[in-house]
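One structure below.
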Amino acid sequence: MSCFEVIDPVFGTYVLGNAPVKQIATGFDWVEGPVWFGDAGCLLFSDIPNNRILRWTPGAGISAFRQPSNYANGHTRDRQGRLVSCEHGTRRVTRTELDGAITVIADSYQGKPLNSPNDVVVTSDGAIWFSDPHYGIMTDYEGFRAAQELPCNVYRVDPSGRIAAVLTDFACPNGLAFSPDERRLYVADTGRMHSNDPQHIRAFDVGDGWRLSGGAVFHTIAPGCADGIRADTDGNLWSSAADGVHCLAPDGHLMGKVLVPETVSNLCFGGRAKHQLYITATTSVYAVTLNRNGAQRP
Ligand code: MG
Numbered sequence: 113m114s115c116f117e118v119i120d121p122v123f124g125t126y127v128l129g130n131a132p133v134k135q136i137a138t139g140f141d142w143v144e145g146p147v148w149f150g151d152a153g154c155l156l157f158s159d160i161p162n163n164r165i166l167r168w169t170p171g172a173g174i175s176a177f178r179q180p181s182n183y184a185n186g187h188t189r190d191r192q193g194r195l196v197s198c199e200h201g202t203r204r205v206t207r208t209e210l211d212g213a214i215t216v217i218a219d220s221y222q223g224k225p226l227n228s229p230n231d232v233v234v235t236s237d238g239a240i241w242f243s244d245p246h247y248g249i250m251t252d253y254e255g256f257r258a259a260q261e262l263p264c265n266v267y268r269v270d271p272s273g274r275i276a277a278v279l280t281d282f283a284c285p286n287g288l289a290f291s292p293d294e295r296r297l298y299v300a301d302t303g304r305m306h307s308n309d310p311q312h313i314r315a316f317d318v319g320d321g322w323r324l325s326g327g328a329v330f331h332t333i334a335p336g337c338a339d340g341i342r343a344d345t346d347g348n349l350w351s352s353a354a355d356g357v358h359c360l361a362p363d364g365h366l367m368g369k370v371l372v373p374e375t376v377s378n379l380c381f382g383g384r385a386k387h388q389l390y391i392t393a394t395t396s397v398y399a400v401t402l403n404r405n406g407a408q409r410p
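In the working numbering, the protein residues as written are 113 to 410.
Written out as structure tokens, the structure reads:
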């Protein structure tokens with residue numbers, strides 16, 4: 113059986129017919145937040161319900177990176193290569209300094225605790241953008257059940273540390289990704305996970321001073337949800353879905369799928385040329401080599 117579904121013939125040039133979708137690790141409960149460390153030659157990801165961040169190293173397998181992890185979810189690296197993490201348990205976004213110290217980036221807005229930061233991205237100016245849906249405080253499964261005090265917003269923390277709510281009309285904002293030129297911001301809305309609310313990705317134009325406008329629906333994922341999203345260097349957007357990873361062209365049409373046998377939560381590019389796609393999917397992590405390259409730096 114093919115590992116790929118080609119819908120737009122161009123997608124056929126993005127994948128390699130003899131490159132398998134491989135399960136590289138399994139036995140987890142709900143994995144999320146993959147981030148590639150090219151300098152260390154490893155992938156980090158969260159096993160949220162088991163309160164740990166794990167490390168996968170080619171040839172060496174799985175080891176613990178941080179446990180307990182404060183029920184960490186999404187991760188990225190800033191322009192200095194430091195790990196930036198969303199934590200459900202402590203309802204905050206943190207940066208791990210090069211000496212291992214933890215710096216709190218944000219844990220409140222207008223005097224109220226954040227809900228449960230979910231996913232995060234850093235722009236070229238050093239600002240940290242993150243989504244704050246309420247999944248991590250709804251139950252005791254992925255954090256600690258608690259009262260919600262803030263709407264589910266998207267925030268931007270500028271390099272001076274000032275926090276602003278930049279998107280306030282989402283049901284459950286989740287994955288975020290900028291186009292390679294940072295002129296467009298994609299944000300997934302996974303309201304559908306718990307209600308009849310959206311399961312789509314919206315696209316915003318990024319103006320001077322990082323001002324956002326627009327916000328029309330870019331693509332509605334089916335089956336499943338656009339939880340995690342990442343852009344490649346050509347501006348295509350790769351999104352999680354229930355049946356794998358969907359590749360969306362810059363105009364929003366579905367080009368093709370990487371088929372994965374478990375529901376996908378998130379993905380990142382990694383490997384020597386950022387040509388490998390690492391996929392967190394329910395109880396397992398999968399990897400596939402593509403003929404495309406991820407845009408995210410470093
Ligand atoms: Mg997420």
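Using N, Cα and C, we set each Cβ at its ideal position, and we do this for glycine too.
Output the distance between the C-alpha atoms of residue i and residue j, rounded to the nearest integer angstrom.
i: I160; j: P146; result: 12 angstroms
i: I249; j: P263; result: 13 angstroms
i: I341; j: G223; result: 30 angstroms
i: H187; j: V122; result: 30 angstroms
i: H246; j: L366; result: 29 angstroms
i: D219; j: R204; result: 4 angstroms
i: G382; j: L166; result: 16 angstroms
i: D317; j: A172; result: 42 angstroms
i: T206; j: H331; result: 31 angstroms
i: D344; j: F177; result: 27 angstroms
i: H200; j: N185; result: 7 angstroms
i: A300; j: W322; result: 19 angstroms
i: D120; j: E374; result: 24 angstroms
i: R191; j: F256; result: 31 angstroms
i: A152; j: P271; result: 26 angstroms
i: R164; j: N130; result: 34 angstroms
i: I275; j: C115; result: 42 angstroms
How is the beta strand (DSSP E) around residue i delimited, first residue to last?
i: I119; result: Taken as a continuous stretch (DSSP letters only), I119 belongs to no beta strand (DSSP E), as it is neither H nor E.
i: Y253; result: That residue, Y253, is in no beta strand (DSSP E); it is neither H nor E in DSSP.
i: P229; result: P229 -> no beta strand (DSSP E), and no H or E assigned at all.
i: V376; result: V376 -> no beta strand (DSSP E), and no H or E assigned at all.
i: S272; result: It is not in any beta strand (DSSP E) - S272 carries neither H nor E in the DSSP assignment.
i: R300; result: Note on residue identity: the sequence assigns Ala, not Arg, to residue 300. Where A300 is concerned, the enclosing beta strand (DSSP E) stretches over 296–301.
i: Y390; result: 388–393
i: C198; result: 195–199
i: C154; result: 154–159
i: L371; result: 366–371
i: N185; result: 184–189
i: I341; result: 341–343
i: N286; result: 285–290
i: I214; result: 214–218
i: D211; result: Neither: D211 is in no beta strand (DSSP E) and is coded neither H nor E.
i: Y398; result: 396–401
i: G171; result: Counting along the chain, G171 falls outside any beta strand (DSSP E), and DSSP gives it neither H nor E.
i: L349; result: 349–353
i: W241; result: 240–243
i: Q135; result: 134–138
i: S55; result: Given a span of 113 to 410 for the chain in the structure shown, any question on residue 55 remains unanswerable.
From what residue to what residue does the alpha helix (DSSP H) around residue i run?
i: I249; result: 247–250
Please name the residue in the options whose C-alpha comes closest to that of residue i.
i: V133; options: P362, G255, G356; result: G356
i: T138; options: Y126, S175, I119, A152; result: S175
i: Q260; options: R314, G129, L226; result: L226
i: G212; options: F140, D237, G193; result: G193
i: T280; options: C337, R295, F242; result: F242
i: S181; options: G171, V143, P170; result: V143
i: V118; options: G382, D344, C359; result: C359
i: R295; options: E374, G347, V205, I165; result: G347
i: F72; options: R178, L195, D141; result: Because the chain here runs from 113 to 410, residue 72 falls outside it and cannot be looked at.
i: R268; options: A338, F282, V232, Y298; result: V232
i: G326; options: T332, A315, S351; result: A315
i: A353; options: D344, S377, A343; result: S377
i: L155; options: D320, Q311, A399, P362; result: A399
i: D320; options: S228, A328, D237; result: D237
i: N265; options: I136, G129, S272, T302; result: T302
i: R404; options: C115, V127, F116; result: V127
i: S396; options: A276, I136, C115; result: I136
i: F140; options: T394, V216, D151; result: T394
i: N286; options: A239, Y298, F116; result: Y298
Next on the checklist: With three or more beta-carbon pairs closer than 8 angstroms as the criterion, would you say the stretch 389–406 touches the stretch 363–378?
Outcome noted: yes
Checklist entry - For ligand 1, which residues have a Cβ under 5 angstroms from at least one heavy atom, in chain order? => result N230, D231, N286, D339
Item to check | Three-pair Cβ contact test at 8 angstroms for the stretch 290–300 versus the stretch 251–258 | outcome: no
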